[in-house]
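Each remark here refers to the structure printed beneath this line.
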Amino acid sequence: MTKAYRQGQIVNLIRTRPIHTQEELAAALQEKGIPATQVTLSRDIRDLNLAKTSEGYRQLTPERAGPGLAALAADFLTDIRQAQNLLVLKTSPGHANTIAVAIDHENWSDIVGTLAGDDTVLLIAPDTFTADTLRARLLALLAE
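The numbering used here applies: residue 704 is where the sequence shown begins, and numbers increase by one.
In structure tokens:
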């Protein structure tokens, strides 16, 4: 297991259920087949900027600089096409990565992932219904 994968699984775990101690975190990782020592978890918690709250560990998000998704979409998003559970977002040349990063920072739980090229973003939803909902959400951003 790589450090990046383990840390990604830690973030997924704390977003989906309350985890209050390193022991609980180690047990949850072990359920996923990911061994981790207390020392490793301490480093991961520091690296991921996690804080203990009354609801369990939470990731502290740094303040974002620059425009948000709505402003970027208004400036650079030119088309949204749907193919079952996939959305293909067309952008002005050179701006697909900017849009993909802005979408990723929104942390919409119904997005499986994004891929970006030069002028195209592939947004992956778990199913067609969710893709319909995401398309409507993106179109609403453009209407603002």
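All C-beta atoms, glycine included, are put in the ideal place defined by N, C-alpha and C.
This one's a predicted model, so the numbers in the text were calculated from it and none came from an experiment.
Next on the checklist: Determine whether the beta carbon atoms of residue 802 and residue 776 lie at a separation below 8 Å.
Outcome noted: Contact: yes.
Checklist entry - Would residue 827 pass as a contact of residue 800 if the rule is Cβ separation under 8 Å? => result It is not a contact, given that the beta carbons lie outside the stated cut-off.
Next on the checklist: Taking the alpha-carbon of residue 706 as reference, which of 821, 780, 739 and 811 has the nearest alpha-carbon?
Outcome noted: The option with the nearest alpha carbon to residue 706 is 739.
Next on the checklist: Can you list, in chain order, the residues of its chain with a C-beta nearer than 7 Å to that of residue 783? Leave out the 5 residues immediately preceding and following it.
Outcome noted: Taken in chain order, the residues that qualify are 790, 792, 838, 841 and 842.
Checklist entry - Nearest-angstrom Cα distance between residue 732 and residue 754? => result About 18 Å.
Checklist entry - Are there 16 or more other CB atoms within 10 angstroms of the CB of residue 741, so buried, or fewer, so exposed? => result In summary, residue 741 is exposed, with fewer than 16 beta-carbon neighbours lying within 10 Å of its beta-carbon over all protein chains present.
Next on the checklist: Here's a check: name, in chain order, each residue in its chain whose Cβ is nearer than 6 Å to the Cβ of residue 818, leaving out the five neighbours to either side.
Outcome noted: Residues 825 of the same chain have their beta carbon placed closer than 6 Å to that of residue 818, with the five preceding and five following residues left out of the count.
Checklist entry - Quick one: Cα of residue 710 to Cα of residue 779, how far? => result Approximately 32 Å, taken between the alpha carbons.
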